[in-house]
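Only one structure is covered here, and it is reproduced in the block below.
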Amino acid sequence: MDELTTSSFKTTGSKWLLPVSDFFGFPLDQVNFLACQVFALGASFWFRLYLSPQFSSPVVRHAVATLFGLSFVIFCFGWYAVHISILVMVCYRILVTADIHNIHRYTMIMAVSYLAVCQVIAMLFQIKTGLLAVLQTVSNVSFFLSSTSSSKPSLIEYLSYNLNFLSILVGPCSHYKDYIDFIEGRHVQRRLSASNTGQNGYDKVSEPSPMAAVTRKLLICGVCMVLFLTLTKAFPITYNVDSHFVNEAPFLTRLTYAAFSIQAARPKFYFAWTLADAINNAAGYGFKGVDEAGQVSWDLISNISIWGIETATSFKKFIDNWNIQTGVWLKTVCYDRAPRYPTALTFILSALWHGVYPGYYFTFITAIPITLAARAVRKNVRQYFLSSHPVKLVYDVVTWAATQLCICYTVMPFLLLAVEPTMQYYRSMYFHIHIISILTVIVLSQSHKPRGSSSSSNGTKPGPYDPHPQAQPQLQPSNNNVKRK
-3 MDELTTSSFK TTGSKWLLPV SDFFGFPLDQ VNFLACQVFA LGASFWFRLY
47 LSPQFSSPVV RHAVATLFGL SFVIFCFGWY AVHISILVMV CYRILVTADI
97 HNIHRYTMIM AVSYLAVCQV IAMLFQIKTG LLAVLQTVSN VSFFLSSTSS
147 SKPSLIEYLS YNLNFLSILV GPCSHYKDYI DFIEGRHVQR RLSASNTGQN
197 GYDKVSEPSP MAAVTRKLLI CGVCMVLFLT LTKAFPITYN VDSHFVNEAP
247 FLTRLTYAAF SIQAARPKFY FAWTLADAIN NAAGYGFKGV DEAGQVSWDL
297 ISNISIWGIE TATSFKKFID NWNIQTGVWL KTVCYDRAPR YPTALTFILS
347 ALWHGVYPGY YFTFITAIPI TLAARAVRKN VRQYFLSSHP VKLVYDVVTW
397 AATQLCICYT VMPFLLLAVE PTMQYYRSMY FHIHIISILT VIVLSQSHKP
447 RGSSSSSNGT KPGPYDPHPQ AQPQLQPSNN NVKRK
């Protein structure tokens, strides 16, 4: 029996789809995951059309979302579902009994690689922020005004927020208040009314259909699946540490293959996050608003911007567009609150959140000097290439290529996972990105800040987890109760 079939028997999840796994040659856990997500897509349409807030109470919607989510967890993970269930309940016990002033002390204990925990910690900070009225200390006030809560959730609200079938397997993490608005039927109308405040006599406007957004995202999923079945299989990551390839191929050949193999590995992430986004949209969740051009956006909780990733000209821009909601979470609970070394602490927390594989720690620790080097280059060098469009274009092309190579070098351990292949890869690359980034930080940190340059963060701490890239169109705010001065 081949390796894939053998590994299928080791899964703790359901084995009902084992014949499908054997027929297509995919691991059973991946088949189970895809089956649940396809079911979730169909259930989302039903949830929006037949279990809408007009016909069903919030309690019913909470209960159905939770039961479906628990069913997915049991189907995919079997008895491992006990782990996440206990963790969620322990967190709720802390939430309802802990002193709200000290609740943040418990959150780092829960920083493990589960989406539910990400949402629990986000909820704790949102509730604490709402109750203590410390919004004036937050770098982006409007962002928190739409996400804070002034009361602790009921048990059914809490379970639904953390275990709902829309996000239990892939995410994305979303704000508690946004989710409650969605369940109770206020999600879309609040954002629409905010964009129609100047129209007298219109207390309520028709809700836009998410079908166009869902269709577009499903088409993207189809393309990503085709690329996964072709490119990903054609450029296996493990070939980067093949002893014959490492010993015989010249450095530029190894570097080129590494870049292509990392590029080929992305479609499976694109597929999973885009499908999860489509599932939420199909249920009526994820409406962001209307931009200045009148275009409707359903990207409120999108976890990825493929165009932003593929055209990123800096390490920060790449991170801003990759796993977006987790980046927002990290910025909220760590970066904005760290008194010192926010970049390093945020990357370390990200490694802890992902899990225990050594490759995760190699990736995020390597990202620290690269981020600092990229920031130093932008601060000290970029201004000299803004004199004309052709010169700026050359700068963008060079920084795009450098960014893609740095991402390749940084992400490789994340996919190799273990220590030995990671060190073998680093040795084959002569640790060149480590050396270049550290030297860049040292050299440019000695330079004086050029006259006339502006801060990269407009008075806030510069970092890789800014949830609002400036290139994105500004959408109407979600909270009508926000007072503008």
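All the letters of the sequence shown, read from the start, carry residue numbers -3 to 481 under the numbering used here.
Where a beta carbon is used, it is the ideal one built from N, C-alpha and C, also for glycine.
| query | result |
| --- | --- |
| Residue from 260, 236, 338 whose Cα sits closest to the Cα of residue 249 | 236 |
| Collapsed DSSP secondary structure at residue 300 in the structure displayed | strand |
| Residue 483 and residue 168 closer than 9 Å at C-beta | One cannot answer for residue 483 here, as it falls past the ends of the chain, which runs -3 to 481. |
| Expected contact under 8 Å - CB spacing of residue 233 and residue 261 to nearest Å | 6 Å |
| Stretch-stretch touch, CB-based, cutoff 8 Å, three pairs: the segment 299 to 309 with the segment 266 to 278 | yes |
| The segment 158 to 174 contacting the segment 63 to 79, beta-carbon criterion three pairs below 8 Å | yes |
| Cross-strand partners of residue 285 (DSSP beta bridge) | 293 |
| Limits of the alpha helix (DSSP H) - the one that residue 173 falls within | 172 to 180 |
| Runs of alpha helix (DSSP H) lying entirely within the segment 51 to 79, each at least 4 residues, in chain order | 54 to 73 |
| Buried or exposed (CB count within 10 angstroms, at least 16 for buried), residue 225 | exposed |
| 4 or more residues per run - each alpha helix (DSSP H) lying fully within the segment 338 to 377 | 338 to 350, 354 to 376 |
| Same chain only: Cβ atoms within 7 Å of residue 58, ignoring 5 sequence neighbours per side | 152, 153, 156, 179 |
| Best match in 338, 346, 213, 380 for proximity to residue 368 [C-alpha to C-alpha] | 338 |
| Selection from 379, 149, 27 that minimises the alpha carbon distance to residue 176 | 149 |
| Reference residue 310; option with closest CA among 12, 173, 375, 333 | 375 |
| Euclidean distance between Cα positions of residue 264 and residue 211 | 19 Å |
| Nearest-angstrom Cα separation, counted from residue 305 out to residue 314 | 5 Å |
| Rounded Cβ spacing between residue 407 and residue 359 (contact assumed at less than 8 Å) | 6 Å |
| DSSP state of residue 12 mapped onto helix, strand, coil | coil |
| With 16 other Cβ atoms within 10 Å as the buried cut-off, status of residue 409 | buried |
| Own chain partners of residue 231 with C-beta closer than 6 Å, once the 5 adjacent residues on each side are dropped | 256, 257, 260 |
| Straight-line Cα distance separating residue 428 from residue 518 | Only positions -3 to 481 of the chain appear in this structure, which leaves residue 518 out of reach. |
| Contacts around residue 277, its chain only, beta-carbon distance under 6 Å, and the 5 residues preceding and following it disregarded | 206, 209, 210, 294 |
| Buried versus exposed, by CB contacts within 10 Å (16 or more), residue 12 | exposed |
| Same chain, Cβ closer than 7 Å to residue 436, neighbours up to 5 away in sequence not counted | 369, 372, 373 |
| Boundaries (first-last residue) of the alpha helix (DSSP H) holding residue 239 | 239 to 244 |
| Alpha-carbon to alpha-carbon, residue 285 and residue 473 | Since pLDDT at residue 473 reaches only 40, below the 50 mark, its modelled position is unreliable, and the value read off the structure follows with that caveat. Cα to Cα, residue 473 sits roughly 7 Å from residue 285. |
| Contact set for residue 318: own chain, Cβ-Cβ below 7 Å, skip 5 residues either direction | 300, 305 |
| CB of residue 87 within 9 Å of CB of residue 165, strictly | no |
| Inter-residue Cα distance where the pair is residue 303 and residue 316 | 12 Å |
| Supposed contact pair residue 214 and residue 274 - C-beta distance, whole angstroms, cut 8 Å | 5 Å |
| Where the alpha helix (DSSP H) through residue 220 begins and ends | 207 to 223 |
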